[in-house]
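Printed below as a string of structure tokens:
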């Protein structure tokens with residue numbers, strides 16, 4: 004816990020972050036958001052299509068902006084095309100493959116279940132996602148959500164190491180434990196009791212020694 008807690012401070016910036024680079028984001032979005040393509044008429048059409056939506060956002064895929072609500076999409080340019088729930092898989096796959104120019108693609112897999120890096124114990128992260136692994140020097144993995152048309156996670160060799168050394172050790176965030184509750188709870192409670200016992204066996208003798216010293220003074 005002490006060692007993994009130290010790693011939470013990212014000493015020496017030893018591992019990269021999990022956010023995609025601007026180039027990787029632009030490979031799917033097509034560049035900066037096209038505000039000129041957004042209009043009141045398009046927004047009204049989206050509101051009509053999203054009958055129960057409480058909030059409407061904007062995403063952009065391959066240069067075309069879309070209104071989004073409750074995992075539903077409507078084109079801001081051509082709302083007459085109707086509501087759909089995800090971008091075309093082949094288009095998403097082609098866009099993600101182009102996100103790392105010059106890097107060979109090792110494999111591209113559509114995941115219908117979480118893996119060891121794209122996961123959520125509460126099951127709130129969306130599925131399916133496309134995972135593309137590259138043969139670049141950093142061994143980059145990109146995860147793309149077809150429902151938003153964007154890269155939602157970037158993993159490199161060192162960030163994957165950090166995932167195990169920090170999250171794994173600090174939170175016992177291992178698949179064989181966190182998918183088997185209450186096994187995870189039992190292990191955490193047992194280790195916590197062991198930590199308390201270890202602290203007590205150190206503090207009590209130290210207190211007794213200090214008390215003897217105080218009497219001698």
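Residue numbers (this note's numbering): 4 to 220.
Glycine residues also receive a C-beta, built at the ideal position from the N, C-alpha and C atoms.
Nothing here was measured: the structure is a model prediction, and the numbers come from that model.
Boundaries of the beta strand (DSSP E) in which residue i is found, first to last residue
i	result
residue 205	Run containing residue 205: none in the beta strand (DSSP E); it sits in the alpha helix (DSSP H), 186-219.
residue 110	108-114
residue 163	Not the beta strand (DSSP E): residue 163 falls in the alpha helix (DSSP H), residues 160-165.
residue 76	75-78
residue 13	Taken as a continuous stretch (DSSP letters only), residue 13 belongs to no beta strand (DSSP E), as it is neither H nor E.
residue 145	144-148
residue 137	132-137
Cβ-based burial, residue i [other Cβ within 10 Å; buried from 16]
i	result
residue 210	exposed
residue 194	exposed
residue 154	buried
residue 215	exposed
residue 201	exposed
residue 127	exposed
residue 133	buried
residue 145	buried
residue 203	exposed
Close Cβ partners of residue i (< 6 angstroms) along its chain, the five nearest in sequence each way excluded
i	result
residue 40	68, 79 and 80
residue 89	149 and 150
residue 56	72 and 73
residue 125	none
residue 23	154 and 157
residue 112	134
Beta-carbon contacts of residue i that lie in its chain and below 7 angstroms, excluding the five residues immediately before and after
i	result
residue 98	30, 31 and 65
residue 171	177
residue 163	120
residue 21	156, 157, 158 and 162
Supposed contact pair residue j and residue i - C-beta distance, whole angstroms, cut 8 angstroms
i	j	result
residue 103	residue 139	6 angstroms
residue 53	residue 75	6 angstroms
residue 63	residue 37	7 angstroms
residue 107	residue 137	7 angstroms
residue 175	residue 187	6 angstroms
residue 82	residue 34	Not quite, the Cβ-Cβ distance comes to about 22 angstroms (not below 8 angstroms), so this is no contact.
Boundaries of the alpha helix (DSSP H) in which residue i is found, first to last residue
i	result
residue 70	Per DSSP, residue 70 belongs to no alpha helix (DSSP H); it is in the beta strand (DSSP E), 67-72.
residue 180	178-181
Cβ-based neighbour list, residue i, same chain, cut-off 8 angstroms, excluding 5 preceding and 5 following
i	result
residue 221	There is no way to answer for residue 221, as the model of the chain reaches only from 4 to 220.
Exercise for the section: Starting from the N-terminal side, write out each stretch of the beta strand (DSSP E) that is 3 residues or longer and does not extend beyond the region 24-105. Expected result: 60-64, 67-72 and 75-78
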